[in-house]
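In my numbering, the protein residues as written are 1 to 144.
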């Protein structure tokens, strides 16, 4: 999934007398898979081996998955087996049904400009908080 997104932050701060939302900032964004696609290497790469016992390896894989679920309260994050917990953070402990499929990646100084006073020295921006903002995403290149 390769898409380019436009993220727009609109804000309405009642203390400023605002009655409608106005654009605060804009940025491009992209989607990043949480569990990257991973195809394990084929277990039977030797053509001289018979495929008559492939069902045994499939059964063992299923047995291992069931044992993991008994001993591990949540489904571990997917991807290659050499991913370490330090690469996963909270996702390692987040059940699959609650884990997001993708992250939307963009610049934090655009999403929360009030946290970046070095970039935005205007005094009024310090009176804007996340409660005053709404966020929208627009797909820019939908046909690729």
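The beta-carbon is built from N, C-alpha and C at its ideal position, and this holds for glycine as well.
Close CB contacts of residue 114 within its chain, under the 7 Å cut and outside five residues either way in sequence, are with 125, 126, 128, 129 (chain order). Here residue 21 is near residue 11, since their CB atoms are less than 8 Å apart. In the DSSP assignment, residue 109 falls within the alpha helix (DSSP H) that extends over 108-111. In the assembly as shown, residue 132 is a buried residue. Its beta-carbon has 16 or more other beta-carbons within 10 Å. Going by C-alpha positions, residue 108 is about 42 Å away from residue 61. Residue pairing by DSSP places residue 125 opposite no residue, since no beta bridge is assigned to it.
DSSP places residue 57 within a helical segment (H, G or I) once states are collapsed to three.
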